[in-house]
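Enquirer:
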Amino acid sequence: MAEVTDELKEKVIKYLETVPHAKNRDVARALGDEKALVDKAIAALAKEDKIEYIYLGASFVKLKGKKMVD
Amino acid sequence: MADETPLLDELEKGPWPSYVTEIKRMAKKNAAAKDLLGIQEQSYKDRVTHWKHGGIVGVTGYGAGVIGRYCDSPEKFPDAASFHTMRINQPAGWFYTTKSLRTICDIWEKYGSGMTNFHGSTGDIILLGTTTENLQPCFDTLTEAGFDLGGSGSALRTPAGCVGQARCEWSNIDTLGLIHDLTMEFQDEIHRPRWPYKFKIKASGCPNDCVAAIARADFTIIGTWRDALRIDQAAVQEYVKKGLDIQELVVRRCPSEALVWDAKTQELKLLVDDCVRCMHCINVMPKAVRPGIEKGATILVGGKAPIIKGAYLSWVLVPFMKVEPPYDEMKDLLRKIWEWWDENGRTRERLAELIERLGFKTFLREMGLKPVPQMVKYPRSNPYVFFDR
Amino acid sequence: MGRTDIGPPDFHEMLPDVIKKNYGTWKYHEIPRPGVLKHVAESGDTVYTVRAGSPRLVSVDFIRDICDIADKHCDGHLRFTSRYNIEFLTPNEKNVDLIIADLKKLGLPVGGTSPGISNIVHTQGWIHCHSAATDASGLVKAIMDEVYEHFVETKLPNHVRIAVGCCINMCGAVHCSDIAVVGVHTKPPRPDHDRVVAQCEIPTTIQSCPTGAIRRHPDQSMKSVVVKEDLCMYCGNCFTVCPAMPLADAEGDGVAIYVGGKVPNARKPPMFSRMVIPFLPNRPPRWPEVVQAVKKIVDIYAANAKPYERVGEWIERIGWEAFFRRTEIPFTEQHIDDFTHAVETYRTTTQFKW
Numbered sequence: 007m008a009e010v011t012d013e014l015k016e017k018v019i020k021y022l023e024t025v026p027h028a029k030n031r032d033v034a035r036a037l038g039d040e041k042a043l044v045d046k047a048i049a050a051l052a053k054e055d056k057i058e059y060i061y062l063g064a065s066f067v068k069l070k071g072k073k074m075v076d
Numbered sequence: 013m014a015d016e017t018p019l020l021d022e023l024e025k026g027p028w029p030s031y032v033t034e035i036k037r038m039a040k041k042n043a044a045a046k047d048l049l050g051i052q053e054q055s056y057k058d059r060v061t062h063w064k065h066g067g068i069v070g071v072t073g074y075g076a077g078v079i080g081r082y083c084d085s086p087e088k089f090p091d092a093a094s095f096h097t098m099r100i101n102q103p104a105g106w107f108y109t110t111k112s113l114r115t116i117c118d119i120w121e122k123y124g125s126g127m128t129n130f131h132g133s134t135g136d137i138i139l140l141g142t143t144t145e146n147l148q149p150c151f152d153t154l155t156e157a158g159f160d161l162g163g164s165g166s167a168l169r170t171p172a173g174c175v176g177q178a179r180c181e182w183s184n185i186d187t188l189g190l191i192h193d194l195t196m197e198f199q200d201e202i203h204r205p206r207w208p209y210k211f212k213i214k215a216s217g218c219p220n221d222c223v224a225a226i227a228r229a230d231f232t233i234i235g236t237w238r239d240a241l242r243i244d245q246a247a248v249q250e251y252v253k254k255g256l257d258i259q260e261l262v263v264r265r266c267p268s269e270a271l272v273w274d275a276k277t278q279e280l281k282l283l284v285d286d287c288v289r290c291m292h293c294i295n296v297m298p299k300a301v302r303p304g305i306e307k308g309a310t311i312l313v314g315g316k317a318p319i320i321k322g323a324y325l326s327w328v329l330v331p332f333m334k335v336e337p338p339y340d341e342m343k344d345l346l347r348k349i350w351e352w353w354d355e356n357g358r359t360r361e362r363l364a365e366l367i368e369r370l371g372f373k374t375f376l377r378e379m380g381l382k383p384v385p386q387m388v389k390y391p392r393s394n395p396y397v398f399f400d401r
Numbered sequence: 026m027g028r029t030d031i032g033p034p035d036f037h038e039m040l041p042d043v044i045k046k047n048y049g050t051w052k053y054h055e056i057p058r059p060g061v062l063k064h065v066a067e068s069g070d071t072v073y074t075v076r077a078g079s080p081r082l083v084s085v086d087f088i089r090d091i092c093d094i095a096d097k098h099c100d101g102h103l104r105f106t107s108r109y110n111i112e113f114l115t116p117n118e119k120n121v122d123l124i125i126a127d128l129k130k131l132g133l134p135v136g137g138t139s140p141g142i143s144n145i146v147h148t149q150g151w152i153h154c155h156s157a158a159t160d161a162s163g164l165v166k167a168i169m170d171e172v173y174e175h176f177v178e179t180k181l182p183n184h185v186r187i188a189v190g191c192c193i194n195m196c197g198a199v200h201c202s203d204i205a206v207v208g209v210h211t212k213p214p215r216p217d218h219d220r221v222v223a224q225c226e227i228p229t230t231i232q233s234c235p236t237g238a239i240r241r242h243p244d245q246s247m248k249s250v251v252v253k254e255d256l257c258m259y260c261g262n263c264f265t266v267c268p269a270m271p272l273a274d275a276e277g278d279g280v281a282i283y284v285g286g287k288v289p290n291a292r293k294p295p296m297f298s299r300m301v302i303p304f305l306p307n308r309p310p311r312w313p314e315v316v317q318a319v320k321k322i323v324d325i326y327a328a329n330a331k332p333y334e335r336v337g338e339w340i341e342r343i344g345w346e347a348f349f350r351r352t353e354i355p356f357t358e359q360h361i362d363d364f365t366h367a368v369e370t371y372r373t374t375t376q377f378k379w
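Structure follows, in structure tokens:
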């Protein structure tokens, strides 16, 4: 599998700026990238403390500090 | 704050050890535990829960392992206003040294309420109740001590297995070795939820299924054997001599009529082809009957509790698989299942529900598995059949 | 940030010597008395296990207490079972009585071996759960007090596995237990329209309902939902995804009792538990109606089942009609399934008992 690039991480962040939260799959579909690679990018961003996970009956990701629906 | 707990006090009576006594023990020295006691008394008065949904809590880099919990009356119970749970991945088989347990106790007494579950339903050690600020330092201290968080949310949940070959002669597979290996292999899947919903793996060493794998795991591993069970006739005769009614309690209870007792020769005969490996005769006469020698596991899929579309028991996917390190065949199958489910599952749709929606046939094709009669109770009875010509 | 993804400790570090040495070569076992197991290995080595009950929700001081026992008699090792029991392992038969004596001092019962009632698998309830329709720890305590004799003795036809789930999520094999006590809501959720706007995604909330009872609010300006109450089965799924749909209610919430489930493949294949009592009120602190109902089912099973029959196997043999007659539990319209796959449960034969 391809490696996670800074470019991909940037794309993930840009996308998450446009939505309150999303499932990893929604991010992959919106970017047109392979899901497994997007999973890796999201994991890397989580370790960098740029995004966080939330639980609303299922798990989603969002930009760290971004206002939730509430 | 509750100094009087007349309702909960009732639960300190009676012979079974009392959890109320345990909370009170901790409440003497921990403010959060004292408020937990108050909240519980309040619920006993009001007959409703006083906990709210979670929200964002976690440790850096993880999306699982912490369950956010807030009390709905923070003004009344300020010391349990935020009372988050940490799930700590248990060592396989729930074996511990007292040193490791005491370490966890010391860490939890410092950072949390001091209340725990040994263990939660899925198998983790549950550390019950801490503040948002304490999560990260508590986690950092736990990992320093060699412990890590388990799964939660739309992730792989902490795998669990029975005591297995560590102390059970019936175990056909090394459940501890397998569960530890899978847990280490799939750390990312446990800690970073990325799927439609939760996914559970459980392994039992024999069809007695002491961890309820068939009822509770999306991916169910149950140890079994392919050859004949082994009978020690002298030991059988010993049971009979001691008064076991072998005809009534063993032969008649055999679900597939695979046993015959010859009272004249005092011999228990097995009709090998008829045996369905249910364990009954072994359970009744553990000294005389043992599983066969060619051991492995049956892999079943789909087990789950009722939410959302009803409960499912796992059904047979691979009738027999060898289970030996490095467990590549099993890992490949798991990855294939996750990829297909992740691509096709709706949010909060478990594997069984997806297979039911898209069809078992579709699932088998995607997995590259051939249909075999062991997968069904009976073949189709209706005439609505697809043929791809 | 500290270390991540280190996983659990390797179990090998946790095993007592006698277990390490005889790993995978155990030959047979006996149950010399209730709560004590004796396993013999091919090598001739023996390990004794003393099994003790635990309230599961325990303080760190409780864990330290049991560690003291393990340090004294078990070389500093212990384990837990899948039903929260604590197990003390020793190769030395003489230690068995010492362990039991020390457990007695702590007030912990020794037992939980077959055939009897082991600890009740259960959930968090009012101790920690936002969707609980009843408490779990308190129900467990009240039921275990009542059936205590079956924990410390082994006189039932087979195991009776009891589980308590505080809502229909049923965390914990509740749906396949001999006797299951399940928290249920019986009133529909009450959407709080101001909070729905703020806290919930409307499409997700609508989609969460397994019976299609949740619709968009007819007034387009209201960004909220309405519940068609005649379609609602009070499952609480919507509340899970939308906190502004509370359905907890002091009068409406209570427990249902399901029986006859099993997990092992021994004799009959695994079975689901079936509902026999649709609703009993929440009466903390000791839920007397629930405790009496469980006791009665256990007693009638104990008096009538054949050796090795699980509750579900016994009921299948005598027939559900006979079960309801013998237990004097009234049969109501709630007992007849009308959810998914309901028709499979209707009787398609003229074979039945009067």
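Protein chains in written order, with the working numbering: chain A, 7 to 76; chain B, 13 to 401; chain C, 26 to 379. Positions of the beta carbon are idealized from the N, C-alpha and C atoms, including for glycine. Computed from a predicted structure; not experimentally measured.
Compute the distance between the beta-carbons of I142 (chain C) and I187 (chain C), then report whether it is under 8 angstroms.
Expert: Going by C-beta atoms, I142 (chain C) is nearer than 8 angstroms to I187 (chain C).
Enquirer: Assuming the contact rule is C-beta atoms closer than 8 angstroms, P116 (chain C) and V72 (chain C) should be a hit. Round their C-beta distance to whole Å, please.
Expert: About 6 angstroms separates the two Cβ atoms, so the contact holds.
Enquirer: Taking 8 angstroms as the threshold (beta carbon to beta carbon), is T148 (chain C) in contact with chain A?
Expert: Chain A contact via Cβ: absent.
Enquirer: Kindly indicate which three-state DSSP category H54 (chain C) falls into: helix, strand or coil?
Expert: In the structure shown, H54 (chain C) sits in a strand (DSSP, three-state: E or B).
Enquirer: Is it a yes or a no for the stretch 204-222 of chain B touching the stretch 250-267 of chain B, going by three-plus beta-carbon pairs under 8 angstroms?
Expert: Not touching, per the Cβ criterion.
Enquirer: Any beta carbon from chain B within less than 8 angstroms of S84 (chain C)'s own beta carbon?
Expert: Yes, its Cβ sits closer than 8 angstroms to a Cβ of chain B.
Enquirer: Can you check whether the C-beta of D39 (chain A) is within less than 8 angstroms of a C-beta belonging to chain B?
Expert: No, D39 (chain A) lies away from the interface with chain B (no Cβ there is under 8 angstroms from its Cβ).
Enquirer: With distances taken Cα to Cα, identify the nearest neighbour of K293 (chain C) among B:H292, B:P331, B:Y390.
Expert: Closest by alpha carbon: B:H292.
Enquirer: Are the beta-carbon atoms of L256 (chain C) and A281 (chain C) separated by less than 8 angstroms?
Expert: Taking 8 angstroms as the Cβ cut-off, L256 (chain C) and A281 (chain C) do not qualify as a contacting pair.
Enquirer: Can you tell me whether G71 (chain A) is buried or exposed? The criterion is at least 16 other CB atoms within 10 Å of its CB, across all chains shown.
Expert: Exposed: under 16 other Cβ atoms inside 10 Å.
Enquirer: Below 8 angstroms on the Cβ atoms is my guess for W120 (chain B) versus L147 (chain B); work out the distance and round it to an integer in Å.
Expert: Contact doesn't hold; Cβ gap of about 12 angstroms is too wide.
Enquirer: Measure from the alpha carbon of G66 (chain B) to the alpha carbon of each residue in C:V288, C:N290, C:P268, then state which is nearest.
Expert: That would be C:P268, whose Cα lies nearest to the Cα of G66 (chain B).
Enquirer: Taking C-alpha atoms, which residue in B:D15, B:V263, B:F107 lies nearest to G189 (chain B)?
Expert: Checked all of B:D15, B:V263, B:F107; the closest Cα to G189 (chain B) is B:F107.
Enquirer: Please classify R215 (chain C): is it buried, with 16 or more other beta-carbons within 10 angstroms of its beta-carbon, or exposed?
Expert: Exposed, because fewer than 16 other Cβ atoms sit within 10 Å of the Cβ of R215 (chain C).
Enquirer: Using Cβ-Cβ distances below 7 angstroms, what residues of the stretch 265-282 of chain B are close to chain C?
Expert: Answer in chain order: R265, P267.
Enquirer: Specify the secondary structure class of G337 (chain C) as computed by DSSP and reduced to three states.
Expert: It is helical.
Enquirer: Mapping DSSP to helix, strand and coil, what is R35 (chain A)?
Expert: R35 (chain A): helix per DSSP, three-state reduction.
Enquirer: Checking the sheet assignment: what are the DSSP bridge partners for S65 (chain A)?
Expert: DSSP, once it has assigned bridges, lists A:Y61 as partnering S65 (chain A).
Enquirer: Secondary structure at E112 (chain C), three-state DSSP: helix, strand or coil?
Expert: If DSSP states are grouped into helix, strand and coil, E112 (chain C) belongs with the strands.
Enquirer: Among C:D100, C:A328, C:D170, whose alpha-carbon lies nearest the alpha-carbon of N120 (chain C)?
Expert: Taking only the C-alpha atoms, the option nearest N120 (chain C) is C:D100.
Enquirer: Compute the Euclidean distance between the alpha carbons of F113 (chain C) and Y74 (chain B), then round it to the nearest angstrom.
Expert: Rounded to the nearest angstrom, the two C-alpha atoms are 35 angstroms apart.
Enquirer: In whole angstroms, what is the alpha-carbon distance linking L423 (chain B) and N30 (chain A)?
Expert: Look at the range of chain B in this structure, 13 to 401, and you will see that residue 423 (chain B) is not part of it.
Enquirer: So what does DSSP say about D274 (chain B), is it helix, strand or coil?
Expert: Three-state result, D274 (chain B): strand.
Enquirer: Taking C-beta pairs closer than 7 angstroms, name the residues in chain A that P205 (chain B) reaches, listed in chain order.
Expert: By Cβ distance, chain A contributes Y59, S65.
Enquirer: Anything in the stretch 104-119 of chain B with a Cβ closer than 7 angstroms to a Cβ of chain C? List those residues in chain order, please.
Expert: Going along the stretch 104-119 of chain B in chain order, one finds A104, G105, W106, F107, Y108, T109, T110, K111, S112, L113, R114, C117 with a Cβ nearer than 7 angstroms to chain C.
Enquirer: Using the C-alpha atoms, what's the distance from P26 (chain A) back to E58 (chain A)?
Expert: Each residue's Cα considered, the two are about 12 angstroms apart.
Enquirer: Taking 8 angstroms as the CB-CB limit, is L62 (chain A) close to chain C?
Expert: So yes, L62 (chain A) belongs to the interface.
Enquirer: Whose CA, out of C:I44, C:M258, C:I91, lies closest to the CA of K212 (chain C)?
Expert: Residue C:M258 is the option with its Cα nearest to K212 (chain C).
Enquirer: Going by Cα to Cα distance, which pick from B:L261, B:L283, B:T277 is closest to S268 (chain B)?
Expert: Ranking the options by Cα distance to S268 (chain B), first place goes to B:L283.
Enquirer: Just how far apart, CA to CA, sit D172 (chain B) and K378 (chain C)?
Expert: As written in the sequence, residue 172 (chain B) is Ala, which differs from the Asp given in the question. Distance between the alpha carbons of A172 (chain B) and K378 (chain C) is about 43 angstroms.
Enquirer: Within the 8 angstroms Cβ cut-off, does Y209 (chain B) reach chain A?
Expert: Yes, because at least one Cβ of chain A sits closer than 8 angstroms to the Cβ of Y209 (chain B).
Enquirer: Residues of chain B with CB closer than 7 angstroms to the CB of K29 (chain A), please, in chain order.
Expert: Chain B residues near K29 (chain A): T359.
Enquirer: Under 8 angstroms between beta-carbons, which chain B residues line up against R311 (chain C)? List them in chain order, please.
Expert: Within chain B, the residues near R311 (chain C) are E22, L23.
Enquirer: Are H96 (chain B) and G80 (chain B) touching if we call contact CB-CB under 8 angstroms?
Expert: The answer is yes: Cβ separation under 8 angstroms.
Enquirer: Examine the Cβ distances between the stretch 196-209 of chain C and the stretch 315-330 of chain C and report whether three or more of them are shorter than 8 angstroms.
Expert: Yes: the two stretches touch, three or more of their Cβ pairs being nearer than 8 angstroms.
Enquirer: A49 (chain A) touches chain B at which residues, Cβ-Cβ below 7 angstroms?
Expert: Going along chain B in sequence order, the residues near A49 (chain A) (Cβ under 7 angstroms) are D200, R204.
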